[in-house]
Ligand code: HEC
């Protein structure tokens, strides 16, 4: 009986393995999760559209799906579902690897699912207005990263409500990100005219007449703002595209375009981003020693009003390793808003929640950014690793998480924005204090060293009681923690520390 069971079980397994075919099991996974990028004209480096395409790279596909490198989706499952989650289930990953192990049978052609109808070109549908950089910008083969802004006249006769901007990179291999803003002051045009090559370095003015409109980064999917939210785009405003180019080893010319999506519906509320730490970490003392495996910066902010969050994103450069944001509700409940355990510079996604999340007043938002500047980080651009500080180049570092939210009904938006502005300035002050504190500590060590050398007259590395000055004799026994009737440097330092703490 037992034997029969084993034989049966074996046969079942055998059939299960045999049954995994391309047409019936693998094609649906590939068509749904891979082909949107792996087809002509999209970002994937080759097409995955039929049996040939997929079986040719079967082993590689099994590996990249098992390692969760593909499809690119770096957020772990958290407390809330994300819109457009691309990650594969464990069962889907197993199906692919079983199929590859079984030598990739094609299966019954009649079972092949029809290819989904992919949108070619604009992902959000036909834009209401398409504009393009006015001339191509040459990106050299190598050299430093290039930050360049371009002004694109829109000539809108009246104010518009904007739901989305979709960015279509032209020279995909070098366009790393683009931030959108509008300018009604004419500043962008003036700066552009002053320089001979296309574009200009950057907008210097901020504030009245200039507004931010989000951005795009490599790997990001475009999203419309949810429900009744919209950006105001004033009439006669120019669009400013602040581009970041990363040379690819080949000279390129870029003339990217953007599609604008309008709505007639004015928004019910304003919205804002709570970025922790603020200014992409510029004020938080990002200074990562060479070889440091886990340099961490944490920040937190307690919400002063009830809000509704709709998206979260993370930003870091090559050394970023783990980025996460959580929320602790006033009742103590912990929510995981975003957790990226294995950061990848190439995929800077904005994660939109499927539904608005209510976060009550008193919720503590906490973010953690961890960088790995060791040689075991395969993405480290420096071999051997070198000290890295905050800065705009790809080889500098940045790091922060941003939660996009609107005030809940009846709440005052300005209470949130003014408290957040206070948080920004406090972050700068705290870092400056910490720095000063560290310098004092360093000096303390130097001063103690000099004192120790002076006092240790016989130079045996210890202070005997007869060497000690009289003020020190009073507490000599208490300081001599190992009771050998002498004070070594450690004992002297501990005693001094004790004194300092008492004096605080
Ligand atoms: C959002 C777009 C996107 C989706 C979805 C996507 N890919 Fe990719 N894929 C890319 C891009 C871009 C690259 C090249 C850059 C890179 O390797 O990171 C790539 C590279 C690859 C590679 C080559 C990796 C290597 O190491 O050479 C394989 C294999 C691959 N993808 C398979 C898949 C499979 C299988 C799926 C679906 C399960 C998938 N991709 C889904 C965009 C995508």
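In the working numbering, the protein residues as written are 38 to 541.
Glycine included, each C-beta is placed from N, C-alpha and C at the ideal position.
Beta-carbon proximity list for residue i, same chain, < 8 angstroms, skipping 5 on both sides
i	result
residue 152	68, 72, 86
residue 132	57, 62, 63, 66
residue 426	323, 324, 325, 433, 434
residue 54	Because the pLDDT at residue 54 is just 49, under 50, the model does not fix this residue reliably, and the point stays unresolved.
residue 40	Per-residue confidence for residue 40 stands at a pLDDT of 49, beneath the threshold of 50, marking its modelled position as unreliable; the derived number appears in the next sentence. There are no such residues.
residue 48	A caution first: residue 48 carries a pLDDT of 43, below 50, which makes its placement in the model too unreliable to give a value.
residue 413	330
residue 517	523, 524, 528
residue 172	235, 292
residue 382	353, 354, 355, 357, 416, 431
residue 51	A caution first: residue 51 carries a pLDDT of 47, below 50, which makes its placement in the model unreliable, though a value can still be read off. Hits under 8 angstroms: none found.
residue 46	Per-residue confidence for residue 46 stands at a pLDDT of 47, beneath the threshold of 50, marking its modelled position as unreliable; the derived number appears in the next sentence. So the list is empty, once near-sequence residues are dropped.
Cβ neighbours of residue i in the same chain (closer than 7 angstroms, five flanking residues each side left out)
i	result
residue 308	266, 441, 442, 443
residue 43	Confidence is the limiting factor: at residue 43 the pLDDT is only 47, short of 50, which leaves the residue's position unreliable, though a coordinate-based value still follows. None.
residue 70	108, 123, 125
residue 88	59, 143
residue 387	257, 260, 348, 350
residue 284	176, 177, 178, 179, 180, 211
residue 103	130, 134
residue 121	258
residue 540	Any reading at residue 540 is ruled out, since the residue's pLDDT is 46, under 50, leaving its predicted position unreliable.
residue 482	none
residue 526	489
Cβ neighbours of residue i in the same chain (closer than 6 angstroms, five flanking residues each side left out)
i	result
residue 448	342, 343
residue 439	310, 312, 350
residue 336	313, 314, 404
residue 504	492, 494
residue 38	Because the pLDDT at residue 38 is just 45, under 50, the model does not fix this residue reliably, and the point stays unresolved.
residue 423	327
residue 399	367
residue 190	275
Inter-residue CB distance, residue i and residue j (contact presumed, cutoff 8 angstroms)
i	j	result
residue 210	residue 145	Contact doesn't hold; Cβ gap of about 40 angstroms is too wide.
residue 292	residue 401	With 8 angstroms as the limit, residue 292 and residue 401 do not qualify as a contact, their Cβ atoms being about 46 angstroms apart.
residue 298	residue 197	Between residue 197 and residue 298 the Cβ distance is about 10 angstroms, and since that is not below 8 angstroms, they are no contact.
residue 392	residue 295	Not confirmed; about 28 angstroms, so no contact.
residue 327	residue 410	6 angstroms
residue 282	residue 188	Contact flag wrong, Cβ pair sits at about 17 angstroms.
residue 112	residue 376	7 angstroms
residue 178	residue 287	6 angstroms
residue 81	residue 141	In fact, because the Cβ distance is near 20 angstroms, the residues do not count as touching under 8 angstroms.
residue 228	residue 217	Wrong, their Cβ atoms sit about 17 angstroms apart, outside the cutoff.
residue 78	residue 157	7 angstroms
C-beta contact flag for residue i and residue j at 8 angstroms
i	j	result
residue 339	residue 450	no
residue 356	residue 364	no
residue 251	residue 219	no
residue 524	residue 499	yes
residue 531	residue 512	no
residue 181	residue 174	no
residue 542	residue 221	No statement about residue 542 is possible, as the shown extent of the chain runs from 38 to 541 and does not include it.
residue 353	residue 380	yes
residue 272	residue 166	no
residue 360	residue 436	yes
residue 389	residue 155	no
residue 396	residue 115	no
residue 240	residue 277	yes
residue 407	residue 332	yes
residue 394	residue 446	no
residue 91	residue 98	yes
residue 268	residue 215	no
Proximity test, Cβ basis, 8 angstroms: residue i and chain C
i	result
residue 196	You won't find chain C in this structure, because it holds only one protein chain.
- What residues sit near the ligand HEC, counting only those whose C-beta is closer than 5 angstroms to one of its heavy atoms, in chain order? 70, 71, 74, 80, 81, 82, 97, 98, 101, 107, 108
- Ordered list of beta strand (DSSP E) runs contained in the stretch 360-395, each at least 3 residues: 371-377
- Ignoring anything shorter than 4 residues or poking outside the stretch 86-173, list the alpha helix (DSSP H) runs there in chain order. 88-93, 95-103, 127-138
- Message: Please give the ranges of any beta strand (DSSP E) in the stretch 269-310, keeping only runs that are unbroken, at least 3 residues long and fully inside the region.
- Response: 275-282, 289-291, 294-300
- Message: Threshold first: 4 residues or longer. Then list the alpha helix (DSSP H) segments lying entirely within the stretch 426-494, N to C.
- Response: 450-492
- Query: Which parts of the stretch 234-265 are runs of the beta strand (DSSP E), unbroken and 3 residues or longer, counting only runs that do not cross its ends?
  - Reply: 247-254
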